[in-house]
Amino acid sequence: MFEFLEKLRAKPEPVRHAISFWSAIVVTLVIAIVWANSLMGEISSSVSETSQTAGPSPFQVFKNLFSGKVEYQAPQ
20 MFEFLEKLRA KPEPVRHAIS FWSAIVVTLV IAIVWANSLM GEISSSVSET
70 SQTAGPSPFQ VFKNLFSGKV EYQAPQ
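Residues in the sequence shown are numbered from 20 upward in steps of one, following the working numbering.
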C-alpha cells in the first residue's frame, strides 16, 4: 500500500487530481448503491405495514393542501 502511495506522489499533479476525482466518484457510487439497496428493502417492507394503518397518505394530504381541503384536527 505504501509503495502505491509513493508511486502516486511521484506522478504529476494533474494525474493525481484525476485519480483522486475518479476515486471519489467510485466511493460515492458504492455508498449510493449500498444505501439504495437498503432503502429499497426498507420501503418494500414498510409498504405492507402502511397499507394496514388508517389515515390519508402523505401525497393525499399534500394534494388536499393545495386544493383547499385541509381539515384541522385539534390535538388531544
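Ideal Cβ positions, reconstructed from N, Cα and C, are used throughout, including at glycine.
These figures come from a predicted structure and were not determined experimentally.
Hey, how far is the Cα of residue i from the Cα of residue j?
i, j, result
"Gly74", "Ala43", "43 Å"
"Val34", "Lys82", "51 Å"
"Phe78", "Ser86", "12 Å"
"Leu24", "Leu58", "35 Å"
"Leu84", "Ala51", "33 Å"
Beta carbon of residue i, beta carbon of residue j: below 9 Å?
i, j, result
"Ile38", "Leu48", "no"
With a threshold of 8 Å on Cβ separation, who are the neighbours of residue i within its own chain once the five nearest residues in sequence on each side are excluded?
i, result
"Phe40", "none"
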